[in-house]
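Peer 1: Keeping their order, the protein sequence lines are chains P, F and B. With this note's numbering as the guide, the letters of the first sequence map in order to residues 318 to 749. With this note's numbering as the guide, the letters of the second sequence map in order to residues 15 to 175. With this note's numbering as the guide, the letters of the third sequence map in order to residues 1150 to 1828. Every residue, glycine too, gets a C-beta built ideally from N, C-alpha and C. Owing to the predicted nature of the structure, the values given are computational and were not obtained by experimental measurement.
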Amino acid sequence: MRPAGVMRRHVAIVGNGAAAISALETFRTHDRDSRVTVASAEPCTAYSRVLLPYYLRRKVPYHHLFIRDAAFYRDFDADLLLESAVERVDVGARRLEFADGRNLPFDRLLLAPGSSPVRPPIPGLEGPEVQHLWRLDEAGRLDHLFRQGARALVIGAGFVSLQAVWAARQRGLVVTVIELAERILPTVLDDAGARILQECIVASGVDLHTNTRTEGLMRDERGTLRVSVEGLPSFAADVVIVGTGVRPNDHLLAECVEPAQRGITVDDTMQTAIDGVYAAGDVARGPVVGGGPRTVHALWPTAVEQGKIAGANLAGARATYAGSLSMNVTSMFGVTVASLGRFAAEEGDTVVLRDDLPGLRYLKIVVREGVPVGAVALGGAAAATALGFLRPFVRQRVPVADIEAVVTGEHVAGRIARGRAIGRVVPGGSGS
Amino acid sequence: MRIVAVDPDSCVACRNCEYTCAFQQTGDFDRARAHIRVAYYPAERACVPFTCMHCAEAWCMEVCPAGAIARNEETGAVEIDAARCAGCKMCLLACPFGNIGFDEADGVSGKCDLCGGDPRCVGSCISGALEYVEVEDAFAFRREALDTRLRHVLRLDKGRP
Amino acid sequence: MSSEREIQQTLCRMCDDRCGIDVHLEDGRMVDITGNRAHVWNKGRLCVKARAAVDMVYHPDRLLTPLKRTADGWQEIPLAQALDEIAERLVEIRERDGARSVSVWKGEAIGFGQQEDIARRFIHAFGSPNYLSNDSMCYAARYFGYKLVDGGWPIADLENARVIVMWGANPPHAHPNMTQYITAARRKGAKLVVVDPRLSAIARRADVHAQPHPGTDGALAWGLMRELIRTGAYDKEFVERHTVGFPELSAYAATFTPEMVEQETGVPVATVIEVAALMGDAAPRVAMYVGNGLEHHENGVNNIRAVVSLDALLGAVDREGGNRFVEPAPLRTLTLYDDVPLTHLGPLGADRFPVLYDLRQECHTMTAMGAILEGDPYPLRAMVLTGANPLLTNPNTERVRRAFEALDLLVVRELFMTETAALAHYVLPAASFLERSELHTHAKHQAITLTCRVCGFPEVQDEYQFWHDLAHRLDMGAYFPWDDETALNRWLLEPSGLTLEELEAHPEGVTYSPLTTAPLERGPFATASGKVEFASRYLKDLGYDELPTYKSPEYRGTPDDEYPFVLVTGARKLLYMHSRFRNIARFRTAEPGPEVEMHPDDARALGVGEGDLVTVTSRVGSVTIPVHVMSPAEIRPGELQITHGWSEANVNLLTHDDRFDPISGFPLMKSVEVRVEKV
C-alpha cells in the first residue's frame, strides 16, 4: 500500500515501437504500481514497421499491421498519448515538452522514439508521388500508388528499399533502382552475397543501377515526374520511393550524443548519462556483443532486447545487456537472405565458405580465433535456420570445432542426446 | 506444463512421428513439413528426434515483428498464428534449435503446437522415445548412459557444445 | 452445427499387431483413429498405418458391389445372384472332378483371425482338405522350429529380459508396438543383440549388430552353442532335467568354432564370443525372438531349431525374462479336423511336406500351382480366395498367373481390385476389419478382445455371413448354424466363462487366465519325449536329420559368375503390409515405390546412383527397378534387398517356387542368386 498523499511514480515512454512495447511489458512484470504514459507521435496503437513491405506485397492485411490494440494499453495500465510528438526533453525539470505546447512531468523516462528517414539533397524530390517507406501513412499512400504497370523509381538499395522493390514487382510495377554506392545492401550482405542477390533482382525484371547518381526530378507539361539519372536517358516515374537510410531521433537528448556520432549513448543497463533516463531501440547507441565500440543497431530484435532491459531497470531491477548482435533476415526475389554479426572479414580472420549444404546457395562464416563472429547465408528457409543454429555461438563467443555440425544442426542433436536441450534445460530459454 | 521429451537412446528413426505430424499439418506424409524431425546417422546408428521445447523465454515469440507468436495459456505451447505470420523468417533465425519450419507454399512459419495438448507424435511413437511429460520429469525420462557412437557422430568429442 | 463425435473402441488390423484403437466417428462416419491408452498391448501408441484405415475403408476404389466377369468385362450383379451362381459352379466342379478339386485360400488383406478358421471349416464341410494360405510362406516355419524343439511357441518375455536377441526380425516395421517392450527392457539395462544381414530399424539401437550372410543364421546359432558349452556357461541343470539329445548336440556343435562361424556367416570371431558371453551372463533372462527373416531359406526350419535350442541351453524356456509359455485362450474350435478328417484325400503337399500338414494343417500353395497347371498330383479346378493376393506374394509370379488363369472358377473376396482379383470369375466385396466383429487373443497378455463393427456397406458381407450363405446354398448349412457373427462369437466364447457383454465393456482386453510365473511346473513339454528336443525322433522318423543340422545356402558354394549377387526379398517397410496399402496416397509420398537396396561399392562398380534403373535377373525372371544406395553400414557388398508387394517391380518374378526348405516346404525367397545390369 502506498501511503496516502504520496504521488505514484510516473514513468514516461517516448515512442510506441518494438522497444517501447517490450519495455512496457517487462516493466509491468516488475511493477504494477507506477503510472506509465506512452507518448506516440503517430495516431494509432503500435504497429510493426517491419511488416510494411509485406503489407505492400499484400502478404499482410492492413489490420494485421497493428501488433497491439487499445486493450493492451489498458491491460498494462498505460496511458497512451497519440499524435504527441515530443519536441524536447527538459532534463532539469524532468518533463517532456510536446510540439503542441503540452508538457508532461516524469520521474523516470525511456526514450524509444526510433529513427526517421533521410531525404537526400536531390533537386525536385517532392510531390505526392515521392514517399519513404517508413511510417504507416506512407505505406498507405504507396499502396494507392502501386498500380499495375505503374513506373517506379526507387532511390537507394538498402534493406527496406529492396523489400519495397520486391513488393512493387509483385504488384506488377515497372521498377528502376538507382543506388549511389557501388553495391546493394552494404550493411546486410557481403560482396559475394550481394552479387547473388543482385542477380536475382535483375532476373526478376528490375532495372538496377549501382554506382549511379540520381541527378534530379522535374515535372513535364502533363505534370508527370521525369527522372534524370547520370548516364541514362531520362524517364518518367509514377511513384518514387526514397530509401537512402534513416537517422536516430537523437535530437531529443542531444547532450547524450557524442560528437561525430549518432544515437543516444547508453550503458549496459540502457541508462543514458542522466540518472533515470533510459534509451532503447533505433535511437540508442549501446553495447554490442563481444565488446567493441557502442553502436546503433536499428533492428527489430535489438529494440526488443533493449526494451526488455530498459523496462526492467525502469522498475528498479538490475538487468544488464550482453550487447546487441546485428541480425537480418528476409525473403525477396525468391531467395532467403540472412546475416548475422560481423560478416566482413578482417585480417587474421578465418573465412568458411560453403555452397554445398542442403538448402543453402551461399554460406559465409567469419571466424576469429576459433569463434564465429558473423555470417551471411542465402538460399531457402535453411539460410535462416542455419544462422539460427550459429547465433548462440556468435553471441556467447563459443569456439566451434566443426562448423558444418553447427549449421546443419548436428550439434543440437548432440545437445538433445545429452539431455542438455530437453525441456527448458537451456538456461534462460532460447534467448539471451 | 508438459512438453514432448525425447530420448535418442530409444529412438529407432521409424519416422512415425514425422509422418503423423506432417499429416496433421498437411494431410500428406511429406516429412519436410513435419514439426518434429529425426536426425539419423547410419554409420553411427544414431537417431535423434528434435522438436520445439516451448522455451520459458521463447525468443522466437519475443522477436516476432508480426506479433504472430504467442503462448497458449492452456497448454503452455508457443504457437504461431499463420494468419498473422508475414513470413519474414525472423523466428527461424531466432531459434537456436532449428525447430521452426517454413511452409513455402503459404509463405508462413510453422512449429509444434502440442496439437492442443495431445501431441500426436507421442501417440505414434512406437518405441517410446517420445513422452509427453511435465517439464521437471523430462530429465528422469532420459536414460543416463549415452552411447559412445552417438557421442561421436554428434561431434560431442570435438569440442563444445 | 457441430456434429456429435462418438468414439468406438476396437482393434487395428492394418498389420498383425492387434493394437487397441479409438475410432472417432462423426454422424456415423469415421474421421480419425487414435490409440486406446488402456489397451494391454499398445498402451495408446499406434503406427501411422492405423489412421490410414479411415482412408482404406472410404477409398474411392473400394469394391462395394459383386462383380462378374463377362465377355464384355466386369458386370455388377446382385449379391444373391453371385452366391447362387458360385454355389452352382462349385457343385458342378465337385461332381465332375471331386470335392478335392476345390480349394479355399486365406490371406491377410482384411486382417485375418476367425476368417481362417471359418474358411477351414467351410472347405472341410464341402469335402475337400485343400485349405491354402499365406501361412505356407510365413509364420509356419517358425512355428515348426519352436514346436519341434519346445513343443510349442513360447512368447519372448522382452520387457523382463537382460539380453534380447532379434533374429531376422525388425519390430519397428513389422510389429511396431513390440518396439516399446524392447525399449522398456533397455531402460532397465537390457542389452540388445540384432542378427540381421541389414542394418534394420531395430538394429539402430542394438548393442551388438551381428550381420550374417543371408541364410547362415544356423551356423551362428551353432557357434554360440559351442561357445556356451565350451565355457560351461550353459544351464546344466535345465539341460539335464528337461532336454533330450544334448550329447549329440554337443558333439555336432564342436565343429562350429568361432573361426569357422566367421568364415561361414561373416560375423567376426570377436562378435561371436561377445554375444555368447552376453548370453551366458544374462541367462536365463535371455529373450530371443525369431522373425520371418529366417524362414525363407533352404535350411530355414533347422536354422530356427538351432536358435530355439540355444534358448534351452540358456535355460531360457518358460522362465521370466526368457521365453514364456502362455495358456491358450479357452475358446471353442471352429475347424473340423477332428469331425471330418480328410487326410485320405491327399491334402496338397502333405506327402512331400508332411510336417506342414501334420503340425499346421496347411496345404502347400506352390504344389497347388502344379495341381492346377499339370494336374499333379491331381487336378485343382476351383478356388475361393479371401483377402489374398498371391499374384504379388507367392514366388514365381508368372507361374502363379498361368495357374490362376487356368482355374475353372476363381472367386476372390477383396477390398480392392488386386492383381489376383483381376483374374477372378467373381469378385465379391469383402468387409474390412472395421466392418466385422470377431474375437482376438493377445497371447502375451492372455487376454481376449472383441472387435466391433464400426461401419458397414449394404452389399458387403462379413466373413462369417459369406461362408454361411454359401454353405446354406450347398446343403451344408448344418455346419453353419449361427445366424450371424455375434452368435458365432457367443458360441466360441462359451467355454471361457466370459460373455460377449464383458468383452464389449472392456475393449482394452479381458484376461482369460492370469499370467503365471511358474517356470517348468506345467508338467512335461508338449513334445513326443515330454522334454525339450535338441534331437527330434519325430523328424528322424520322417527321414530328416534328427539334429537341427546346418546346411550352407547354395549360393555360398561355388561362386556363380552369372548370378554374382544374393538377393534378400521381403524386408518389411513401415507403411506397407505385404501387397497392401499401395493405394494410400500419402504412403506413396513417403515411400514412393519399389527399390533395390544396394551397398555403395556395388552401385559404384555398376556405375549407378540413387534412383537409377537396373535390371535384376534370377534364373526365374527379371525386374527393372530403381536403385536405393544405402549407407555402407546398412547392407553388405554383394547383397541386395527388394521388398515385395509392388506391382511396378514385383520381386516375386524372381523368386523360386521349386527350391524349398525340406521340412516346412517354404520357398527360397531370402537368398536368391541374381545378377544386376544397369539399364
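Does any residue of chain F have a CB that is nearer than 9 angstroms to the CB of R1336(B)?
Peer 2: In the third sequence, counting from the first residue as 1, residue 1336(B) sits at position 187. Judged by the 9 angstroms Cβ criterion, R1336(B) is in contact with chain F.
Peer 1: Could you check what DSSP says for V328(P) in three-state terms: helix, strand or coil?
Peer 2: Taking the first sequence and counting its residues from 1, one reaches residue 328(P) at position 11. Strand, per DSSP.
Peer 1: For the alpha helix (DSSP H) containing H1777(B), name the first residue and the last one.
Peer 2: For the purposes of this step, residue 1777(B) is taken as residue 628 along the third sequence, with counting starting at 1. Here H1777(B) belongs to no alpha helix (DSSP H); instead the beta strand (DSSP E) covers S1771 to V1778.
Peer 1: Determine the extent of the beta strand (DSSP E) in which N645(P) is found, giving its start and end residues.
Peer 2: Against the first sequence, residue 645(P) aligns to sequence position 328. Where N645(P) is concerned, the enclosing beta strand (DSSP E) stretches over M644 to M649.
Peer 1: With a threshold of 7 angstroms on Cβ separation, who are the neighbours of L341(P) within its own chain once the five nearest residues in sequence on each side are excluded?
Peer 2: Residue numbering aside, residue 341(P) sits at position 24 when the first sequence is read from its first letter. Answer for L341(P): I330, V353, V355, F393, A395 and G628, listed in chain order.
Peer 1: Locate the beta strand (DSSP E) running through P378(P), then write down its first and last residues.
Peer 2: Locating residue 378(P) in the first sequence gives position 61, counting from the first residue. Element bounds for P378(P): n/a, residue is neither H nor E.
Peer 1: Identify the contact partners of T34(F) in chain B, using a Cβ-Cβ distance below 7 angstroms as the criterion.
Peer 2: Working through the second sequence from its first residue, we reach residue 34(F) at position 20. By Cβ distance, chain B contributes V1197.
Peer 1: Taking C-beta pairs closer than 9 angstroms, name the residues in chain F that T531(P) reaches, listed in chain order.
Peer 2: The count along the first sequence starts at 1 and reaches residue 531(P) at position 214. What T531(P) touches in chain F: nothing, since even the nearest Cβ is about 29 angstroms away.
Peer 1: Who are the neighbours of G121(F) on chain P, taking C-beta pairs under 9 angstroms?
Peer 2: As a working note, residue 121(F) is residue 107 in the second sequence. By Cβ distance, chain P contributes K376 and S648.
Peer 1: Taking a cut of 9 angstroms between CB atoms, which residues from the segment 1774–1792 of chain B lie near chain F?
Peer 2: Cβ contacts with chain F: M1779, S1780, P1781, A1782 and E1783.
Peer 1: Using a Cβ-Cβ cut-off of less than 9 angstroms, give me the residues of the segment 601–627 of chain P that come near chain F, in sequence order.
Peer 2: Here the close residues are W617, P618, V621, E622 and K625.
Peer 1: Does the beta-carbon of I501(P) have 16 or more other beta-carbons within 10 angstroms, so that it is buried, or is it exposed?
Peer 2: The residue labelled residue 501(P) in the question sits at position 184 within the first sequence. When all chains shown are included, I501(P) counts as buried.
Peer 1: Would you say G90(F) lies against chain B (beta-carbon separation less than 9 angstroms)?
Peer 2: In the second sequence, counting from the first residue as 1, residue 90(F) sits at position 76. By this cut-off, G90(F) is not an interface position.
Peer 1: Bridge partners of S123(F), per DSSP?
Peer 2: As a position in the second sequence, residue 123(F) is number 109, starting the count at 1. Answer is F116(F).
Peer 1: Can you tell me whether DSSP reads E532(P) as helix, strand or coil?
Peer 2: For the purposes of this step, residue 532(P) is taken as residue 215 along the first sequence, with counting starting at 1. Note: E532(P) maps to strand in three-state DSSP.
Peer 1: Is the number of C-beta pairs between the segment 1726–1737 of chain B and the segment 1365–1379 of chain B that are closer than 8 angstroms three or more?
Peer 2: Judged by Cβ distances under 8 angstroms, the segment 1726–1737 of chain B makes no contact with the segment 1365–1379 of chain B, as fewer than three pairs qualify.
Peer 1: Touch check for the segment 1188–1208 of chain B and the segment 1588–1598 of chain B: three-plus C-beta pairs under 8 angstroms?
Peer 2: Taking 8 angstroms as the limit for Cβ pairs, the verdict is that the segment 1588–1598 of chain B does touch the segment 1188–1208 of chain B.
Peer 1: Here's a check: name, in chain order, each residue in its chain whose Cβ is nearer than 6 angstroms to the Cβ of L397(P), leaving out the five neighbours to either side.
Peer 2: Within the first sequence, numbered from 1, the residue matching residue 397(P) stands at position 80. Hits under 6 angstroms: V355 and Y390.
Peer 1: Would you identify the three-state DSSP class for C31(F), choosing helix, strand or coil?
Peer 2: Walking along the second sequence from the start, residue 31(F) turns up at place 17. In the structure shown, C31(F) sits in a helix (DSSP, three-state: H, G or I).
Peer 1: Do E1788(B) and H1748(B) have their C-beta atoms closer together than 9 angstroms?
Peer 2: Taking the first residue of the third sequence as 1, we reach residue 1788(B) at position 639. Taking the first residue of the third sequence as 1, we reach residue 1748(B) at position 599. Yes, the Cβ-Cβ distance between E1788(B) and H1748(B) is below 9 angstroms.
Peer 1: Taking the straight line between their C-alpha atoms, what separation do you get for R375(P) and D584(P)?
Peer 2: In the first sequence, residue 375(P) corresponds to position 58, counting from 1. In the first sequence, residue 584(P) corresponds to position 267, counting from 1. Near 40 angstroms, if we compare the C-alpha coordinates of D584(P) and R375(P).
Peer 1: Report all residues from its chain with a CB closer than 7 angstroms to the CB of D1557(B); omit the five preceding and five following residues, and keep chain order.
Peer 2: Counting from one through the third sequence, the residue named residue 1557(B) turns up at place 408. The answer, listed in chain order, is I1242, R1530 and A1531.
Peer 1: Grouping DSSP H, G and I as helix and E and B as strand, with all else coil, what is H1617(B)?
Peer 2: Walking along the third sequence from the start, residue 1617(B) turns up at place 468. Reduced to three states, the DSSP call for H1617(B) is helix.
Peer 1: Which bits of chain F does T653(P) rub up against, with CB to CB less than 7 angstroms?
Peer 2: Residue mapping note: residue 653(P) aligns to position 336 of the first sequence, counting from 1. The contacting residues are K103.
Peer 1: Spell out whether any CB of chain P is found under 9 angstroms from the CB atom of P56(F).
Peer 2: Against the second sequence, residue 56(F) aligns to sequence position 42. Output row for P56(F): interface = no.
Peer 1: Under a three-way DSSP split, which group does D599(P) fall into?
Peer 2: Working through the first sequence from its first residue, we reach residue 599(P) at position 282. In the structure shown, D599(P) sits in a helix (DSSP, three-state: H, G or I).
Peer 1: By the criterion of Cβ-Cβ separation under 9 angstroms, what are the contact partners of A27(F) in chain A?
Peer 2: Looking for chain A here will not work: the only protein chains present are P, F and B.
Peer 1: What residue does the beta strand (DSSP E) around A553(P) start on, and which one ends it?
Peer 2: In the first sequence, counting from the first residue as 1, residue 553(P) sits at position 236. Unbroken beta strand (DSSP E) run through A553(P): F552 to A554.
Peer 1: Relative to the C-alpha of L1642(B), which candidate in L1588(B), P1209(B), Y1687(B) and L1691(B) has its C-alpha closest?
Peer 2: Position 493 of the third sequence, counted from the start, is the residue given in the question as residue 1642(B). The option with the nearest alpha carbon to L1642(B) is L1588(B).
Peer 1: Is the segment 1311–1321 of chain B close to the segment 1425–1443 of chain B, with three or more CB pairs under 8 angstroms?
Peer 2: Counting Cβ pairs under 8 angstroms, three or more are found: they touch.
Peer 1: State yes or no: is the beta carbon of P709(P) nearer than 9 angstroms to at least one beta carbon in chain F?
Peer 2: Translated into the one-based positions of the first sequence, residue 709(P) becomes position 392. Chain F, which has a Cβ nearer than 9 angstroms to the Cβ of P709(P), makes this yes.
Peer 1: Could you please give me the residues that DSSP links to D524(P) through a beta bridge?
Peer 2: Residue mapping note: residue 524(P) aligns to position 207 of the first sequence, counting from 1. Per DSSP, T493(P).
Peer 1: So T493(P) and D537(P) are supposed to be a Cβ contact under 8 angstroms. How far apart are they, rounded?
Peer 2: On the first sequence, position 176 is the one that residue 493(P) refers to. On the first sequence, position 220 is the one that residue 537(P) refers to. Contact flag wrong, Cβ pair sits at about 17 angstroms.
Peer 1: Quick check on D751(P): buried or exposed, where buried means 16 or more other Cβ atoms within 10 Å of its Cβ?
Peer 2: This structure does not reach residue 751(P), given that chain P is present from 318 up to 749, and the question cannot be answered.
Peer 1: In whole angstroms, what is the alpha-carbon distance linking P360(P) and F1736(B)?
Peer 2: Along the first sequence, read from residue 1 onward, the residue named residue 360(P) stands at position 43. Along the third sequence, read from residue 1 onward, the residue named residue 1736(B) stands at position 587. Roughly 54 angstroms separates the two Cα atoms.
Peer 1: I need the boundaries of the alpha helix (DSSP H) containing T1665(B), first residue and last residue.
Peer 2: Translated into the one-based positions of the third sequence, residue 1665(B) becomes position 516. Careful: T1665(B) lies outside any alpha helix (DSSP H) and carries neither H nor E.
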